[in-house]
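Heads up, the thing below is written out as structure tokens.
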Amino acid sequence: MPKVKIDGILFEAPKNWTILETARFLGLEIPTLCYYEGLTPWGGCRICVVEVASGGRKRLVSACTYPVEEGLLVSTSTPRVIKARKMALELLISECPTSRELQDMAAKIGLARVRFSPKWERCFYCGRCVRICEEQMMAKAIGFVNRGNKIKITTPFDKTSEECRRCGGCLYICPACTLRCEGAQPETVLCGRCDNELQPSCLEVYDNYACWMGLKGECGTCVEEKSKTKAKR
Amino acid sequence: MATRAKRKRPLKVKVLSEEEKIEDFVKASAKKHGYLLISVLEDIQERYNYLPETALREVAKVLSMPLRDVYGVATFYRAFRLQPRGRHEICVCLGTACHVRGGQRVLEKLERDLNIKAGETTKDKNFTLETVNCLGACALGPIVVIDGRYYGNVTPTKVSNFLKEYQGEKRGVKDEKN
Amino acid sequence: MKRIKSAKELAEFTRKIRAEKKKERKRIIVSIRATCCYLKGSKEVASVLEDEVKKRKLENKVTLLMTGCLGFCQVEPVMVIQPGDIFYPSITPEAVPEILDATVIKGEILDHRLYLDPERKKRIVHWDEIPFYKRQLRLVLGNNGEIDPTRIEDYIAVGGYKALARTLTQMSPEKVIAEIKKSGLRGRGGAGFPTGVKWEVTRREKSDVKYVICNADEGDPGAYMDRSILESNPHSVIEGMIIGAYAIGAKEGWIYVRNEYPLAIEHLTLAIAAAEKFGFLGKNILDSGFDFSIKISKGAGAFVCGEETALIASIEGKRGIPRQRPPFPSTSGLWGKPTNINNVETWANVPIIIAKGADEFRKIGTKTSTGTKIFSLVGKVRNTGLVEVPMGITLEEVVFDIGGGTPNGKKVKAVQTGGPSGGCIPRRLFSLPVDYESLSQAGSIMGSGGMIVMDEDTCMVDVAKYFTNFLQDESCGKCSTCREGTQRMYSILNDITEGRGKEEDLSLLEELGDVVKDASMCGLGQTASNPLLTTLRYFKNEYLAHIKEKRCPAGVCKALIRFEIVAEKCTGCTLCRKNCPAEAITGEPKKIHSIIEEKCIKCGICYDVCKFDAVEKKSGV
């Protein structure tokens, strides 16, 4: 069984586990969006990125798809990781600001400004609906169509599908379908934020700023961003 | 004794409907290409000049694939089109070498002259304007390809000249030069 | 033609062909069978040539050899007359009878038809004295002038399939791999991974089914080296693949060619059929017990399918979406089996290494980047074409000594390498040697070999915008950072080119570019911000001019330029007014014309047609 080291914890993981499964088993939190337990991992949202060092090279990979291997070194919350996560979320939230899951995650990882103009799309292509339709319902009624900036998820020819059994699985699992609350503020990219502001993960679990990794605010998560710049483009 | 000539009976000719023609075509193509999806789609595109919905549904049946997968592949690759094309297809190369030599301006001139944008077909269904991301003939850029015929070193001023050749002509290469 | 059943039979056949060729007293070599050459009317030249030879009853006295691309695209099609090796560039149908009469029949050299060196103003007779060819080391492309790509006999005559014979009869698979490793050959597709190591890893996998794939999806705009190799010498790639398959233990091979290369596909199909007929493909090749066959799979217009996992998905008939590596294709590739993928140029180098020996091969190039590399030298350069140079040559030598600098005296500003995954290297860094490490340190990559020369009339912000636009369309759409990142980078760059840029944009672009590079899953996303980041690094002044002064220094960005007619130079010829599509020019014949700025759509046609240089491009206040 391959031996890996995640955030300093040495562990012998089963051969077919991913970094995400291993981390969760150890109680380490890695945020995810497109990942859903029971469906094959997609690795598209890039929120679960972690830093791995293998073969002398450090790079960011998605924890949900990367398999454990002998001698793997993983860090889940380096500044490089936090920067990437925040930017990825900034991109997603400007694509689809109405999603409650995205807004909750923004509050959680401390994203306070979005510098891109909102697209107000109703989907951010996490692909959960496609996967549940294929893997759990065996229907394959909907799928990805086109690519790049023209990508969308729909039925063939945008016509009513004969394979669709109206099970509602796609609706249930969609993170964009749960709408954020509008709050008192008019349309902005980041939601109104409940008054009892959602705490960032470290404070949530570790009380004071006594960060057990010794980072003491260096990872950036528990230090709130001062500027709340208005959305740009 | 002379052999009696056999009385000629009218042959029973089966007139295929459009659907049956497509069905036969898809089946033959699938067999020819070992049931490889992309090659079959390329055959259909060559025959019909685009991918008709009926053909794609037939492909899903013949290759035993979910329609969603066939449609997903048909929309992913740029070479496949799901809308019928004009009589003549004008393809402007937007590769880097062509771009640096002014390919964008050639495209803009064509868009102005034909009154359509790249990706669209003229109202009289005569021309479809497309772009491609490099044909590999970079030494002679900017390149424009009309119905498979290559034109090199194109400038905006030359555009109207060769457009005239294709007004109202049937599809296909105009003469046997190339 | 009989099937060749052993190495000995091959040697006999080679001797026979060479003896026949030696008997050829006079030869006319003409480069016909290549896409660019067709474009320049080479088919007509070929038919006129055949007619004129018949007219003069020369069929039995002269051999016609119709080759593929000879590399100097600027002056193709070319004709070489032997004996004498007289090189005649830019052949038109009209030139054919003249050359036949003078040079072929009488043996006289037509001075006015020879290549004229524009710098030294001298006429040159032999091709290897022409500056374009002099500095090159044409290992892979060298045989193009001796081969008709539709005839396997020509390839055998220059020693083709000898390396294969040697491999199958004298070398074990492990020995082949060791030789390739020793040679230091690195993947010519762009990443530069050591080929021998890749083969070794795939060999180690235990599976009775393995595949080798040739990546001929050359998607980089501006790069056409692979097309040239496939069109002009397809057997070199086939031979390389057979040797590789033998080393790795694969029985089936695929060549994935982009569908925009119909001629390459045609020549490959002919070559594979010929190789099968002669027994180089199929069962029990050259009596070795080794079976191998090759199939062709066509691309369908997706740049991302140049990435190996996306390519595999495409052959499998799926959407070309890359997937996570590990597992690598060498472990689990095509249909889940161990697969080795290499670029066209990499495969073409394999027979050369086996024939020459790794030690000889190592002598070329640098210590870490051995051998040669083929570049497509295009853009604002005088001598456009395919150049093959030893690794380690400087950019200065390639662009100026071989390329001849810019065609119209303008200053060279930068050279772009690596296509949309690469970057722009400014003039002041041209003393850099061309090898994998130096180029990547400069922020670019070697890439597949596209080398686009840019001059003072190229706007670097526009170049970054062009590539980012390309990438946002070609992105498969899976990763948020790539899909959204390229769109946002494009949107900000577009704003800058249209005069809406703000200073904070530059830091946002850099941050965004860094994350797109860091967090995307595949090579496309991981290099998507290179064009932007390199231009920001080396040409920040252009960005600042666009943002602060609303000025485009190169005069390209339409929203920031205006056209003006210089009164002193205008002769009132009315040419500009007649050609203006927006009716934005006023003026009487023989009187000074002027442009109405509000109506002007900045198409630049007046600038093009004016014969008196009276139209000027201005930018900024």
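Chains as they are written, first to last, in my numbering: chain A, 1 to 233; chain B, 234 to 411; chain C, 412 to 1032.
Yeah, the Cβ is synthetic: ideal placement off N, Cα and C, and Gly gets one too.
*Quick one: what's got a C-beta closer than 7 Å to alanine 574/C's C-beta in the same chain, skipping five residues either side?*
Glu650, Ile654, Pro762, Ile765 and Ala766
*Please compile the residues from chain A whose C-beta is within a distance smaller than 7 Å of the C-beta of glutamate 286/B.*
Phe157
*asked:* Going by beta-carbon coordinates alone, are threonine 781/C and glutamate 848/C separated by less than 8 Å?
replied: no
_Less than 8 Å between the C-beta atoms of arginine 669/C and glycine 630/C, yes or no?_
yes
_Taking the straight line between their C-alpha atoms, what separation do you get for alanine 422/C and valine 273/B?_
42 Å
_Short Cβ contact (8 Å threshold) for threonine 329/B with glycine 633/C_ = yes
_Is phenylalanine 1023/C close to chain B? Criterion is C-beta to C-beta, closer than 8 Å._
no
_Considering only their Cβ atoms, is the gap separating leucine 92/A from serine 886/C smaller than 8 Å?_
no
*Taking the alpha helix (DSSP H) that lysine 876/C falls in, what are its first and last residues?*
871-885
*Looking at C-alpha atoms only, which residue of Ala445/C, Gly479/C, Thr474/C and Leu527/C is the closest neighbour of phenylalanine 498/C?*
Leu527/C
_Tell me which residues share the same chain as threonine 425/C and place their Cβ nearer than 8 Å to its Cβ, disregarding the 5 neighbours each side in the sequence._
Ile567, Ala568, Gly570 and Lys573
*Determine the chain C residues that contact arginine 115/A at a beta-carbon separation under 7 Å, and present them in chain order.*
Leu919
*Using the beta-carbon count (16 or more within 10 Å), is lysine 694/C buried or exposed?*
exposed
*DSSP-derived helix/strand/coil call for tyrosine 206/A*: Note that tyrosine 206/A scores a pLDDT of 43, beneath 50, so its modelled location is shaky and nothing firm can be said.
*Could you tell me whether the Cβ atoms of cysteine 123/A and isoleucine 153/A are closer together than 8 Å?*
yes
*Close beta carbons around glutamine 400/B, own chain, < 8 Å, minus the five adjacent residues each side*: Asn359
*asked:* I'd like the list of long-range same chain contacts for glycine 803/C, defined as Cβ closer than 8 Å, with 5 residues on each side in sequence excluded.
replied: Gly776, Thr777, Ser780, Pro844, Val845 and Asp846
*Which full runs of the alpha helix (DSSP H) of 4+ residues lie inside the stretch 825-870 of chain C, going along the chain?*
847-852
*Buried or exposed for tyrosine 236/A, please, with buried defined as at least 16 other CB atoms from any protein chain shown within 10 angstroms of its CB.*
Nothing about residue 236/A can be read from this structure; chain A reaches only from 1 to 233.
_Backbone secondary structure at tryptophan 42/A - three-state DSSP_ = coil
*asked:* Using only the alpha-carbon positions, how far apart do valine 52/A and serine 832/C sit?
replied: 23 Å
*Quick one, which residues of the stretch 358-389 of chain B are near chain C if we go by CB-CB under 9 Å, in chain order?*
Val365, Asn366, Cys367, Leu368, Gly369, Ala370, Cys371, Ala372, Leu373, Gly374, Ile376, Gly381, Tyr383, Tyr384, Gly385, Thr388 and Pro389
*For a contact meaning CB atoms closer than 8 Å, what does tyrosine 949/C contact in chain B?*
Result: empty, since nearest Cβ-Cβ is about 17 Å, beyond 8 Å.
*Would you kindly check if the distance between the Cβ of threonine 828/C and the Cβ of glycine 858/C is under 8 Å?*
yes
_By the three-class DSSP mapping on this structure, what secondary structure does cysteine 326/B have?_
strand
*With a threshold of 16 other CB atoms inside 10 Å of the CB of aspartate 195/A, please say whether the residue is buried or exposed.*
For aspartate 195/A, the pLDDT reaches just 41, beneath the cut-off of 50, and the residue's location in the model is therefore unreliable, although a value from the coordinates is still provided. The residue in question, aspartate 195/A, is exposed, as its Cβ has fewer than 16 Cβ neighbours within 10 Å.
*Does the stretch 662-681 of chain C come close enough to the stretch 702-712 of chain C that 3 or more CB-CB pairs lie under 8 Å?*
yes
*Which residue or residues does DSSP assign as beta-bridge partners of methionine 490/C?*
Val441/C and Tyr499/C
*asked:* Please tell me whether arginine 444/C and leucine 476/C are closer than 8 Å, where the distance is taken between their beta carbons.
replied: no
_Per-residue contacts from proline 175/A into chain C (C-beta, under 7 Å)_ = None at all; the shortest Cβ gap to chain C is about 13 Å.
*Along the chain, where does the beta strand (DSSP E) that runs through glutamate 663/C open and close?*
663-668
*Should the stretch 793-807 of chain C be regarded as contacting the stretch 334-343 of chain B, the criterion being three or more beta carbon pairs within less than 8 Å?*
no
*Taking 8 Å as the CB-CB cut-off, is leucine 450/C touching chain B?*
yes
_Please list, in chain order, the residues of the stretch 276-310 of chain B that have any C-beta partner in chain A closer than 8 Å._
Glu286, Leu289, Pro299, Leu300, Arg301, Asp302, Val303, Tyr304, Gly305, Thr308 and Phe309
*Give the secondary structure of valine 1020/C by DSSP, where H, G and I count as helix, E and B as strand, and everything else as coil.*
helix
*Just mark alanine 372/B as buried or exposed, buried being the case when its beta carbon has 16 or more other beta carbons within 10 Å.*
buried
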